[in-house]
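First the structure, in the form of structure tokens, and then the observations on it.
There are 2 protein chains.
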Amino acid sequence: MARLPAEEARRRFAAARVARLATVSAAGLPHLVPVVFAVRDDLVVFAVDQKPKRSADVRRVRNIADNPHVCLLADEYADDWSRLWWARADGTATVVQAGPSREGALELLLDRYEQYRADPPRGPVVVVTVTRWSGWAHASGG
Amino acid sequence: MARLPAEEARRRFAAARVARLATVSAAGLPHLVPVVFAVRDDLVVFAVDQKPKRSADVRRVRNIADNPHVCLLADEYADDWSRLWWARADGTATVVQAGPSREGALELLLDRYEQYRADPPRGPVVVVTVTRWSGWAHASGG
Numbered sequence: 001m002a003r004l005p006a007e008e009a010r011r012r013f014a015a016a017r018v019a020r021l022a023t024v025s026a027a028g029l030p031h032l033v034p035v036v037f038a039v040r041d042d043l044v045v046f047a048v049d050q051k052p053k054r055s056a057d058v059r060r061v062r063n064i065a066d067n068p069h070v071c072l073l074a075d076e077y078a079d080d081w082s083r084l085w086w087a088r089a090d091g092t093a094t095v096v097q098a099g100p101s102r103e104g105a106l107e108l109l110l111d112r113y114e115q116y117r118a119d120p121p122r123g124p125v126v127v128v129t130v131t132r133w134s135g136w137a138h139a140s141g142g
Numbered sequence: 143m144a145r146l147p148a149e150e151a152r153r154r155f156a157a158a159r160v161a162r163l164a165t166v167s168a169a170g171l172p173h174l175v176p177v178v179f180a181v182r183d184d185l186v187v188f189a190v191d192q193k194p195k196r197s198a199d200v201r202r203v204r205n206i207a208d209n210p211h212v213c214l215l216a217d218e219y220a221d222d223w224s225r226l227w228w229a230r231a232d233g234t235a236t237v238v239q240a241g242p243s244r245e246g247a248l249e250l251l252l253d254r255y256e257q258y259r260a261d262p263p264r265g266p267v268v269v270v271t272v273t274r275w276s277g278w279a280h281a282s283g284g
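If you're matching them up, the sequences are chains E and V in order. FYI, the working numbering numbers position 114 of the first sequence as 114, with every residue one higher than the one before it. FYI, the working numbering numbers position 40 of the second sequence as 182, with every residue one higher than the one before it.
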């Protein structure tokens with residue numbers, strides 16, 4: 001396994017269709033969910049995809065309010081382990097309920113996922129400012 | 143999406159080839175890596191797969207020493223979102239350097255992954271005692 005350059009990690013992450021989001025509760029408990037997302041420069045955005053009045057109850061939103069540090073991982077598994085790779089984004093998250101920042105994030109998401117074009121997310125979006133891109137692959141050229 | 147019964151979440155998780163492990167540092171930062179693993183009853187085991195003398199430096203091992211709470215996620219992504227599902231294991235982790243508990247975990251791992259039979263992990267194993275299995279799927283029957 002070889003470490004991926006940050007730009008290559010960012011490129012692979014941005015091309016993935018799904019990532020996993022880790023948040024941490026006030027009590028220090030980790031929480032994981034899969035997310036569909038979009039990347040622009042060093043921002044990762046995803047929708048909470050919940051009715052607005054219920055969104056404060058969603059655990060990842062509560063965790064981000066208590067601890068903005070998040071980690072996102074995209075990876076590819078293959079039974080041929082020489083093809084494994086993963087790319088990780090570490091950063092800080094902000095929940096955006098409304099306004100131009102939410103609209104911009106939704107535009108990126110609708111652009112990537114036709115499922116969202118058919119039925120746009122109604123809840124808040126989360127904007128993650130990535131402070132570190134990293135990753136590993138067997139062959140860093142892929 | 144419908145919540146999966148705990149037993150069904152456990153079954154789907156146990157059948158997955160890869161999961162993502164979230165740990166939390168002493169400073170409250172989340173960390174994610176993909177892991178290959180095995181499940182027996184309410185235990186999830188995986189290898190750190192590093193030379194023993196270097197294993198104390200591995201971030202997930204350091205994090206578990208500081209905070210034993212971990213979260214593991216297995217999920218299946220499909221562009222047809224009606225086929226999405228995920229299964230999550232919340233629990234507490236112990237790093238096992240040697241002894242029968244490590245041997246038992248290695249046996250489960252070698253049984254599942256021929257890559258490990260060809261080249262068994264030399265480092266410690268991590269044993270997670272799962273306190274909660276959960277998950278979501280569009281159709282819970284799958």
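Beta carbons are placed, not taken as given, at the ideal position from N, Cα and C, and that holds for glycine.
Own chain partners of residue i with C-beta closer than 6 Å, once the 5 adjacent residues on each side are dropped
i: A14 (chain E); result: V39
i: Q239 (chain V); result: P266
i: R12 (chain E); result: A87
i: T236 (chain V); result: V269
Same chain, Cβ closer than 8 Å to residue i, five either side skipped, listed in chain order
i: W223 (chain V); result: H280
i: N209 (chain V); result: T165, V166, S167, A168
i: T234 (chain V); result: P210, H211, V212, V270, T271, T273
i: R117 (chain E); result: L110
i: P172 (chain V); result: A164, T165, V166
i: S134 (chain E); result: R3, L4, A6, A9, A87, R88, D90
i: P263 (chain V); result: A189, V190, D191, L248, L251
Cβ pair residue i, residue j closer than 8 Å
i: G265 (chain V); j: V190 (chain V); result: yes
i: D217 (chain V); j: R274 (chain V); result: no
i: L106 (chain E); j: V125 (chain E); result: yes
i: V33 (chain E); j: R60 (chain E); result: yes
i: G28 (chain E); j: G170 (chain V); result: yes
Proximity winner among the options, relative to residue i (alpha-carbon distances)
i: A148 (chain E); options: E:E7, E:F37, E:V95; result: Beyond the ends of chain E as shown, which are 1 and 142, falls residue 148 (chain E); an answer cannot be given.
i: A207 (chain V); options: V:A220, V:P262, V:V269; result: V:V269
i: L185 (chain V); options: V:R159, V:R152, V:P172; result: V:R152
i: F46 (chain E); options: E:S101, E:A118, E:H31; result: E:S101
i: E150 (chain V); options: V:G170, V:L250, V:A229, V:D261; result: V:A229
i: P147 (chain V); options: V:D261, V:L250, V:W227; result: V:W227
i: L72 (chain E); options: E:D119, E:P120, E:V35; result: E:V35
Residue i, DSSP secondary structure in three states
i: V48 (chain E); result: coil
i: S167 (chain V); result: coil
i: S140 (chain E); result: In this prediction, S140 (chain E) scores a pLDDT of 45, lower than 50, which makes its location untrustworthy; no coordinate-derived value is stated.
i: V61 (chain E); result: helix
i: D41 (chain E); result: coil
i: D111 (chain E); result: helix
i: G233 (chain V); result: strand
i: A220 (chain V); result: coil
i: G265 (chain V); result: coil
i: A240 (chain V); result: coil
i: R159 (chain V); result: coil
i: L72 (chain E); result: strand
i: L226 (chain V); result: coil
i: L174 (chain V); result: strand
Beta-carbon proximity list for residue i, same chain, < 7 Å, skipping 5 on both sides
i: R112 (chain E); result: A38
i: A158 (chain V); result: A216
i: Q257 (chain V); result: none
i: Y219 (chain V); result: L226
Near the ligand FAD: residue i beta-carbon under 7 Å from a heavy atom
i: V175 (chain V); result: This structure does not include the ligand FAD; it has no bound ligands of any sort.
The region 20-34 of chain E: positions lying closer than 8 Å to chain V by Cβ: R20, A22, T23, V24, G28, L29, P30, H31, L32, V33, P34
Residues from the region 211-223 of chain V in contact with chain E, defined by Cβ distance under 8 Å: H211, V212, C213, L214, L215, D217, Y219, D221, W223
Contact residues within the region 246-258 of chain V, judged by C-beta distance below 7 Å to chain E: Q257
Interface residues of the region 85-97 of chain E facing chain V [CB-CB below 7 Å]: W86, R88
Residues from the region 1-21 of chain E in contact with chain V, defined by Cβ distance under 7 Å: R17, V18, R20
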